[in-house]
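Novice: So that we are looking at the same thing, I have put the structure below in structure tokens.
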Amino acid sequence: MTEDAPESNNEMQTRLDMIHNDLVEIKPKKDINVISKPLPMNNTSVLIGFPGSGLVGTIALQYMVDQMEFEQIGTMTSKFFPPLAMMNKGVINDPVRIYIKNDIAAIVADIPIHPMICYETSRDIMDWIEQFKPKEVLTIAGIITNEPEKRVFGVATTTDALKRIEEHTLLLPIGSISGIASSLLTECKARGIPAFGLLGETVNAPDPRSSAATIEVLNKMYNLGLDMQPLIDQAVEIEQSMGKLAEEVQQSAEQSPKKDLIMYG
Amino acid sequence: MTEDAPESNNEMQTRLDMIHNDLVEIKPKKDINVISKPLPMNNTSVLIGFPGSGLVGTIALQYMVDQMEFEQIGTMTSKFFPPLAMMNKGVINDPVRIYIKNDIAAIVADIPIHPMICYETSRDIMDWIEQFKPKEVLTIAGIITNEPEKRVFGVATTTDALKRIEEHTLLLPIGSISGIASSLLTECKARGIPAFGLLGETVNAPDPRSSAATIEVLNKMYNLGLDMQPLIDQAVEIEQSMGKLAEEVQQSAEQSPKKDLIMYG
Amino acid sequence: MTEDAPESNNEMQTRLDMIHNDLVEIKPKKDINVISKPLPMNNTSVLIGFPGSGLVGTIALQYMVDQMEFEQIGTMTSKFFPPLAMMNKGVINDPVRIYIKNDIAAIVADIPIHPMICYETSRDIMDWIEQFKPKEVLTIAGIITNEPEKRVFGVATTTDALKRIEEHTLLLPIGSISGIASSLLTECKARGIPAFGLLGETVNAPDPRSSAATIEVLNKMYNLGLDMQPLIDQAVEIEQSMGKLAEEVQQSAEQSPKKDLIMYG
Amino acid sequence: MTEDAPESNNEMQTRLDMIHNDLVEIKPKKDINVISKPLPMNNTSVLIGFPGSGLVGTIALQYMVDQMEFEQIGTMTSKFFPPLAMMNKGVINDPVRIYIKNDIAAIVADIPIHPMICYETSRDIMDWIEQFKPKEVLTIAGIITNEPEKRVFGVATTTDALKRIEEHTLLLPIGSISGIASSLLTECKARGIPAFGLLGETVNAPDPRSSAATIEVLNKMYNLGLDMQPLIDQAVEIEQSMGKLAEEVQQSAEQSPKKDLIMYG
Amino acid sequence: MTEDAPESNNEMQTRLDMIHNDLVEIKPKKDINVISKPLPMNNTSVLIGFPGSGLVGTIALQYMVDQMEFEQIGTMTSKFFPPLAMMNKGVINDPVRIYIKNDIAAIVADIPIHPMICYETSRDIMDWIEQFKPKEVLTIAGIITNEPEKRVFGVATTTDALKRIEEHTLLLPIGSISGIASSLLTECKARGIPAFGLLGETVNAPDPRSSAATIEVLNKMYNLGLDMQPLIDQAVEIEQSMGKLAEEVQQSAEQSPKKDLIMYG
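Protein chains in written order, with the working numbering: chain A, 1 to 265; chain B, 1001 to 1265; chain C, 2001 to 2265; chain D, 3001 to 3265; chain E, 4001 to 4265.
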């Protein structure tokens, strides 16, 4: 018997300790499957838009990735997502798409995230993003007011982070934020990742003008130099074509059952 | 003590590493049990029909496998399927049947898949199919319009794949697809498997004429040379006998509870 | 060090391989607990009766085991079963009982199986039965018609199996079967175990006359020589005493919540 | 190398076999946490009272443990229990309490057990009790009749066990029992533990007089020599103070959601 | 071979025993994620306030941590929490915050805990707290009466613990407590950790005056020397700003679905 054996045994015990520890703290399996190339390490800004009021985030980010010719590098699937896919000239879209261009990544979704699964969705998306040590996360959502304006309100995870957006957005003195935008920001704050929310003033219908207002903030934050005129020009067309999507998304949210998810009340 | 022992220990550590890794990423168990002979490797086209609007896919593919004398090679069971079996002259049918003839496989179902389980059903079916490296997947569904025509609309997972069907089907400029057909296509797109959806224009009743229209597309795509006349001749009979099935399927979908599945809204 | 050690290590690796394999494909735990002596190997016919329309199967098989003095060898418990026990002269019955006499086993239940758990119940019961390599499985259920007759319809899992019952029962040209009887037959068909369903024409109340008609089929199939007169004589009494059971069973089915089980619709 | 090593390896293989076996048949984790000193081995009679109709069991057993100065040795917690605690002069009670005096143990609960969790509760309680090889289990419940009498009906798990109570209680010729009392008795019968149910005739309100009637049976069975006069004297007071509890318990049962538990119907 | 090897093997067996034991009694994974610096060992008093009637606990403890400049050391996230975050001048708050100052810790929440998850929340919070061997736990809740007074009722886990608060609070002769306060106290009692509940008499609206009354008790118990005047001065403002929160919290509780959580009744 060489002296390696006891060492091996010791190492084995270490392994077994690890098994032991894992067994009593088994990590939950992912609810969201990310199928994607990796993001660039260390300095990526991740912009996220899920359909919500006015489809503000989805329209804004899809416009950005189309105009700037971002590369699609991935998709997500989940038992929590409703069985719904948009199709365009005979080709279906991935319901959630991951794009990259230089140091900006964009996650654009055609499907709404129900309040019941906001936590899991945010947790799993941030688990995936966090491994690439992102510079910051920004989520775009709509906020319904009774005003005709298209203002953009800003919220950040910390006072320090707030400096990044306070010149470009309006601040609400007090208030609350809910849904997937709330979960993403809460999750980033808990992980110590700087994050921002852009809340475009909107109505309960596809709202490319509110999206354009949030893009103007992106232009300032990221020097995108995006021309809003094409978006404004297509506004009526988008309102019509997306109106059908907004309805379908809305109906899907209301009708599509999710599993392991139950509401009370 | 031979020198084998330390090696054994090393190997054991490797094994334990594997245990360790498996423990923290335990794969989810299957929700759908496939009990079947394997499909032929590498070049099989898999045609899939679940009951939906007009029972278009079920009628079309059952007609195909009956007329062309496909061999049944398997079945599926699942806690998600409603407890319902069709019987024919005293013999029950497997609720989901897998058939093969040469390089064409068909999966034909008598039970509807509720929106809540479309993801799991598609994922598990594709997990099984993918291991045989299929050439392509095609799913047939119905699409309800207010037109008397029996047109067939086509959708594909990619622009490349679209070329395979664009001459034989009509393309919708924009729109959405939902249900099991949406999940199958989304799952195939995420896995990089070329896939097509044939959407037969139909009504809310068994519709062998719409099925016949989709079979004409299959004839062109796969040179089946299937004669539609017997199907048309049996249309009234099928409408009657399947009408009962359509009702039962419909009632089953509405009444049969599924487990671990809850709707919200 | 003996030469056993390396072997032991090899065996251990084999063991660890087995652990490894099990971990990534952990078998689902049983939902139904069978507490029973084993069935005789290789040649047992298993007769199964759960309460359904007319309580046909429960009444028929309980009459058979009582008259022929079968031995009770086991019971089943499950989180899926409603908390309900019948009591007789101060002694409670096991809600599900397993009996044996020679090469005939009987499973008789006082509790209904909700559609939501038919799959799990059938799967776990058949997992238990299958290990004894049974000759065949037969389940008795009721089928409600608007006819005054007490006919018995038959269904089998295969054309071969059908020969066993086609002389003793009527065959339905086309139709469907649902509930626990459907699940048991589907499960047997998927496992390649010959199985039969006897569907006694009945009404929505305890129906010893329909049970008697199914026992006549059993008499022919198994040469039981059971005298139906006592059952017919007790019909009124059974209808009264079981009527209370039928109600309780019915109420239990409607009111008792089951866990991990949710309906949609 | 000593000859211990191969043995050790053999033992290790045995261990690994056990791991292997456990992995493929992982025992479900407990839903009920018992935090208690052990019961005396081999000869303990365990009396169980959960709130039900008339709060008969809870009042009877709490009166017994108070009057006879049983020692509280434990408590139970569970995700299935509603978040409700009784308080008495500023001190909260454990919702479920375990008491012991000589060879009699008592489990007294202030919280109702919903039909959905009767199985798990009974299974986990009996898992805990069974390890002490109890002499017998007795559960007290209420049975609502339209009679003004306070009779006590008895039920046992076997004909042998019945002898223990048949002189002290009335026997119902036929009937059914439901709820936690049914589950406890069914579970005991399946495990071969003699068990009894005392069903006190009661009304839908706290009923110390029915509780007194059941205590008289306990007096005879266990020679307790308990004086019922104090209980009768306090009847009005108990009816008032417990009336509030009965309401709260009732409301809690109706309103408190349980998790992993869903009703159908 | 040294004599270490058998020892190692023995130790390994011990490890394997531990694996074995863990496997058959796998500890449930945490439902609440605590992301925090540790609490001081051995002598910390932990004060807990979740939003309930009158938001009494949340207002009182937030006032305390703000006025006394506690340090925030942690946060909690959970799939059970509704997706809701308060924001203040453009910065979002962690929905649940952990603070420390000297030997007093405070857990302050902006989100309500539904009855369905009180057990898991209390269990997981106490699992985290217990490892620091706290001196005591105190939870503040509201109790709605029809009186205009702002009395504070006290409840403790044991008669000994009661001495700590009986001079500063009123005792209810009999009664019950429900919700998260009940679960926290029950959990502490089961773990043998002294715990208290302060129940501030309140109404169904933000109630800083009731909060002030509970702070007066804290002043006496912990010699905080907190001046209530600023709180009283801000009462109207708090009632207004928190009124919106109270509504949102209320709506969130009613509307936000929780997963794996189902109500019955």
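Heads up, the beta-carbon is just placed ideally off N, CA and C, and yes, glycines get one too.
Could you give the distance in angstroms between the alpha-carbon of Ser3176/D and the alpha-carbon of Leu2084/C?
Specialist: Taking the straight line from one Cα to the other gives about 7 Å.
Novice: Kindly indicate if chain B contains any beta-carbon less than 9 Å away from that of Thr2158/C.
Specialist: So yes, Thr2158/C belongs to the interface.
Novice: Do you know how far the Cα of Leu4047/E is from the Cα of Leu4061/E?
Specialist: Computed Cα separation, rounded: 8 Å.
Novice: Taking 9 Å as the threshold (beta carbon to beta carbon), is Gly2090/C in contact with chain D?
Specialist: Yes, because at least one Cβ of chain D sits closer than 9 Å to the Cβ of Gly2090/C.
Novice: Identify the continuous beta strand (DSSP E) that holds Ile2177/C and give its terminal residues.
Specialist: It spans Ile2174 to Ser2178 - the beta strand (DSSP E) in which Ile2177/C sits, taken as one unbroken run.
Novice: Would you mind stating whether Asp2094/C and Lys3189/D have Cβ atoms separated by less than 9 Å?
Specialist: Yes; because the gap between Cβ atoms is below 9 Å, this pair is in contact.
Novice: Confirm, please, whether the CB-CB distance from Gly3054/D to Val3217/D is below 9 Å.
Specialist: The answer is no: Cβ separation not under 9 Å.
Novice: Identify every run of the alpha helix (DSSP H) within the segment 1030 to 1073 of chain B, keeping only runs that are complete inside it and at least 4 residues long; order them along the chain.
Specialist: Segments of the alpha helix (DSSP H) lying fully in the segment 1030 to 1073 of chain B: 1056 to 1067.
Novice: Taking 9 Å as the CB-CB cut-off, is Ile1059/B touching chain C?
Specialist: Not one chain C Cβ lies under 9 Å of Ile1059/B.
Novice: Count the other C-beta atoms from every protein chain shown that fall within 10 angstroms of the C-beta of Ile1238/B, then say buried if there are 16 or more, exposed otherwise.
Specialist: Its Cβ being crowded by 16 or more others within 10 Å, Ile1238/B is buried.
Novice: In terms of alpha-carbon separation, which member of Asn2102/C, Ile2059/C and Asp2124/C lies closest to Glu2071/C?
Specialist: It is Asn2102/C whose Cα lies nearest to the Cα of Glu2071/C.
Novice: Classify Gly192/A as buried or exposed, calling it buried when 16 or more other Cβ atoms lie within 10 Å of its own Cβ.
Specialist: So Gly192/A ends up on the exposed side.
Novice: In chain B, which residues lie less than 7 Å from Ser2183/C when you measure between Cβ atoms?
Specialist: Chain B residues near Ser2183/C: Pro1083.
Novice: Are any of the Cβ atoms in chain E nearer than 9 Å to that of Arg151/A?
Specialist: Not closer than 9 Å to any Cβ of chain E, the Cβ of Arg151/A fails to qualify, so no.
Novice: Using a Cβ cut-off of 7 Å, pull out every chain B residue sitting near Leu2162/C, in sequence order please.
Specialist: The answer, in chain order, is Gly1090 and Val1091.
Novice: Quick one: which chain E residues come within Cβ less than 9 Å of Asp3127/D?
Specialist: Under the 9 Å cutoff, chain E gives no residues; its nearest Cβ is about 12 Å from Asp3127/D.
Novice: By DSSP's criteria, Asn3088/D is part of a beta bridge. Which residues make up the other side?
Specialist: Note: Asn3088/D sits in a beta bridge opposite Val3091/D and Ile4174/E.
Novice: Could you tell me if Pro2208/C is buried or exposed, where buried requires 16 or more neighbouring beta carbons within 10 angstroms of its beta carbon?
Specialist: Buried.
Novice: Leu3231/D to Ser3183/D, Cα distance in whole Å?
Specialist: When rounded, the distance between both Cα atoms is 29 Å.
Novice: Tell me which residue opens and which closes the beta strand (DSSP E) that Leu3199/D is part of.
Specialist: Unbroken beta strand (DSSP E) run through Leu3199/D: Ala3195 to Thr3202.
Novice: Note down the Cα distance separating Lys4163/E from Gly3090/D, rounded to an integer number of angstroms.
Specialist: Their Cα atoms are separated by approximately 10 Å.
Novice: According to DSSP, what are the bridge partners of Ile2111/C?
Specialist: Answer is none; Ile2111/C lacks a bridge partner.
Novice: By alpha-carbon positions, which one of Glu4136/E, Glu4167/E and Met4087/E ends up nearest to Asp4110/E?
Specialist: Closest by alpha carbon: Met4087/E.
Novice: Measuring only between beta-carbons, confirm whether Asp3094/D sits less than 9 Å from chain E.
Specialist: Asp3094/D counts as touching chain E.
Novice: Count the other CB atoms within 10 Å of the CB of Glu1187/B; is the residue buried (16 or more) or exposed (fewer)?
Specialist: It is buried - the Cβ of Glu1187/B has at least 16 other Cβ atoms within 10 Å.
Novice: Using a Cβ distance threshold of 8 Å, determine whether the segment 3036 to 3046 of chain D contacts the segment 3119 to 3133 of chain D, with at least three qualifying pairs required.
Specialist: Touching, per the Cβ criterion.
Novice: Please tell me whether Pro2115/C and Pro1082/B are closer than 9 Å, where the distance is taken between their beta carbons.
Specialist: In this structure, Pro1082/B lies closer than 9 Å to Pro2115/C by Cβ.
Novice: Here's the rule I'm using: 16 or more other beta-carbon atoms within 10 Å means buried, otherwise exposed. How should Glu2247/C be labelled?
Specialist: Exposed is the call here.
Novice: In the DSSP assignment, find the beta strand (DSSP E) that holds Thr139/A and state where it starts and stops.
Specialist: Unbroken beta strand (DSSP E) run through Thr139/A: Glu136 to Ile144.
Novice: Please state the DSSP three-state secondary structure of Gly1946/C.
Specialist: This structure leaves residue 1946/C out entirely; chain C is present only between 2001 and 2265.
Novice: Report the rounded CA-to-CA distance for Tyr3063/D versus Gln3234/D, giving the unit in angstroms.
Specialist: C-alpha separation (whole angstroms): 11 Å.
Novice: Use the C-beta contact count for Gly243/A: other C-beta atoms within 10 angstroms, 16 or more gives buried, fewer gives exposed.
Specialist: So Gly243/A ends up on the exposed side.
Novice: Measure the alpha-carbon distance for Leu2224/C versus Ile2104/C and round it to whole angstroms.
Specialist: Distance between the alpha carbons of Leu2224/C and Ile2104/C: 10 Å.
Novice: Interface residues of chain D around Thr2077/C at Cβ under 8 Å?
Specialist: Correct list: Tyr3119, Arg3123, Thr3186, Glu3187 and Ala3190.
Novice: Would you say Val2217/C faces chain B, with C-beta separation under 9 Å as the test?
Specialist: Not an interface residue.
Novice: Could you name the residues of chain D that Ile2035/C contacts, counting a contact when the two beta carbons are closer than 7 Å?
Specialist: Under the 7 Å cutoff, chain D gives Ala3190.
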